[in-house]
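The structure appears below as structure tokens.
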Amino acid sequence: MLKEADAKLEWSSTAEYMEVIERNGVSLNLAPLVGHGTLRAFVMGYEKRRPTSMELEQMKRLLAESLEQGAFGMSTGLIYPPSCYAETEEIIELCKVVAKYGGIYASHIRGEEHRLLDSVKEAIEIGEKAKVPVEISHHKAAGRENWGKVKETLRMIEEARGLGVEVTCDVYPYTAGSFGLDSILPPYAHEGGVKKMLEKLKDSESRRKLRNDMVKGVGKWRSVASIIGWENIMISYCKGHPEYEGKMISELAGQKSVDPFDFVFDLIIEEKSSTSVVLFSMSEDDMRRVLKSPFSMIGSDSSARAAYGILAAGKPHPRAYGTFPRVLGKYVREEKVLTLQDAIRKMTSFPAQKLGLKDRGLIKEGMWADITIFNPRKITDKATFTAPHQYPEGIKYVIINGKIVIEKGEHTKEKPGKVLRRAS
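Residue 103 in this note's numbering sits at position 112 of the sequence shown, with consecutive numbering throughout.
Structure follows, in structure tokens:
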């Protein structure tokens, strides 16, 4: 996104990042977490190995600095490099630092498919051993063969909570996920960074090995392509080929009369690993089950988007526009999966409580005025997977820190947002 905007990276610390945001102004409030991948890449690059004791201490020191500067905790994306190279013990050691500062641990767990149960167990183990609150991000079971497993994972979370481990999760109201196309590749393909990965994809012998490993799996790893099929993976952003956006990989490969693996490998090379995809992999029943859980919150798992300018690029997952109105319209008003009160709590006071924000999340005297005024009889999402850049209906005003930022569906240009800092 920085490249698309012709913008420069102006920060090298959490404090500097906060200062850049505040200097430029922002319309919403931000509560930053420290990315484990950022720490590991800075200290170790994209090396697939354990950190030395010195490297681990350096990561802990950098993490502590960010927490002292106001970060709310640490996040991991354990399917993405370089975090996927970290063993559980590394995460536990870092989370002990997070716990010392009263932060949280938020995780895109190691696997949401056949490894789901083990991955939830790992997240709970990290919380238990580091004595840190855990947030399992966008909880789901991916792949038809794994549907129904959230019954067991929710039981595991409930059991852990009963033993004193503060574990919660969040969910978005869709049955598809999204990530970069290169995340389909085996973890070893990313070792050494993007340049090395592209070199592997250009080498015929490496391509044969990658294809074979994506079909058969490597150790416990299996490619999502083999789990859900190319017919369920849609291109959502492709700068060099916008005509691909909104189409399935199986369809595009068929049009070119090429093997889907070769199509994907060539596209990653051509686009320098910048293509994004949407993956239709989840069960509606599972999603509803997580949505109804008393220890789930609602989150979009999305970056900021707009229907104009550089933020209107591609066909991103509709969750960017539709998550909260979809819950309130479809799952509260129409289908009564949740009560209105429950849904609003999952969007407001529950997340605020998780982050330790004592002056936000409720409409109450003395609290910051972060308020959305909507019509519960009319609110509905409009964004779709093929036409995602559509704002919802039924929202009259959005107020941030007492200032109106959305009025009758239009941005007012106000920037009253704040970079929030964890209370020391």
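We put the beta carbon where it would ideally sit given N, CA and C, even for glycine.
Three-way DSSP call (helix, strand, coil) for residue i in this model
| i | result |
| --- | --- |
| C86 | helix |
| S267 | strand |
| F170 | strand |
| W221 | helix |
| E325 | helix |
| T5 | helix |
| I354 | coil |
| P251 | helix |
| P407 | strand |
| L348 | coil |
| F341 | helix |
Buried versus exposed call for residue i [16 or more other C-beta atoms within 10 Å across all chains shown]
| i | result |
| --- | --- |
| D109 | exposed |
| A423 | This structure cannot settle anything about residue 423, because the visible part of the chain is limited to -8 through 415. |
| S227 | buried |
| G118 | buried |
| R413 | buried |
| I218 | buried |
| F281 | Here residue 281 turns out to be Val, not Phe, going by the sequence shown. Buried, since its Cβ has 16 or more Cβ neighbours within 10 Å. |
| K337 | buried |
| D361 | buried |
| G210 | exposed |
| V125 | buried |
| E81 | buried |
For residue i: DSSP bridge partner residues
| i | result |
| --- | --- |
| H402 | I397 |
| I362 | I390 |
| T66 | A quick correction: the sequence has Ser, not Thr, at residue 66. The partner list for S66 (beta bridge, DSSP) reads G26, A97. |
| T159 | E126 |
| E384 | T371 |
| I226 | V268 |
| M239 | M225 |
| V17 | P407 |
| V209 | W212 |
Counting pairs of Cβ atoms below 8 Å between the segment 241 to 256 and the segment 92 to 112, do you hit three or more?
-> The segment 241 to 256 makes no contact with the segment 92 to 112; the number of CB pairs closer than 8 Å stays below 3.
Report yes or no: do the segment 48 to 68 and the segment 22 to 34 share at least 3 C-beta pairs separated by less than 8 Å?
-> Yes: at least three Cβ pairs fall under 8 Å.
Counting Cβ pairs, one atom from each stretch, are 3 or more of them under 8 Å apart for the segment 265 to 283 and the segment 130 to 138?
-> Touching, yes, given that three or more Cβ pairs across the two stretches are closer than 8 Å.
Cβ contact (3+ pairs, closer than 8 Å) linking the segment 325 to 336 and the segment 182 to 192 | Under the three-pair Cβ rule at 8 Å, the segment 325 to 336 does not count as touching the segment 182 to 192.
Completely contained beta strand (DSSP E) runs for the segment 258 to 321, where each covers 3 or more residues = Entirely contained in the segment 258 to 321, the beta strand (DSSP E) runs reaching 3 residues are, in chain order, 267 to 271, 287 to 289.
Does the segment 254 to 264 come close enough to the segment 224 to 232 that 3 or more CB-CB pairs lie under 8 Å?
-> In short, these stretches touch, since the Cβ pair count reaches three.
Which runs of the alpha helix (DSSP H), 4 residues or longer, sit entirely within the segment 77 to 133?
-> Whole alpha helix (DSSP H) segments, 4+ residues: 79 to 91, 107 to 121.
Within the chosen definition, does the segment 308 to 320 reach the segment 160 to 178 through at least 3 CB pairs nearer than 8 Å?
-> The segment 308 to 320 makes contact with the segment 160 to 178: 3 or more CB pairs, one atom from each, lie closer than 8 Å.
Alpha helix (DSSP H) runs contained entirely in the segment 26 to 55, provided each spans 4 or more residues | If one requires a minimum length of 4 residues, the alpha helix (DSSP H) runs lying completely within the segment 26 to 55 are 27 to 35, in chain order.
Validate contact between the segment 174 to 185 and the segment 310 to 323 using beta carbons, cut 8 Å, 3 pairs = Segments in contact, no.
Between the segment 84 to 103 and the segment 56 to 67, do three or more beta carbon pairs fall short of 8 Å?
-> Of all C-beta pairs linking the segment 84 to 103 to the segment 56 to 67, three or more are shorter than 8 Å, placing the two stretches in contact.
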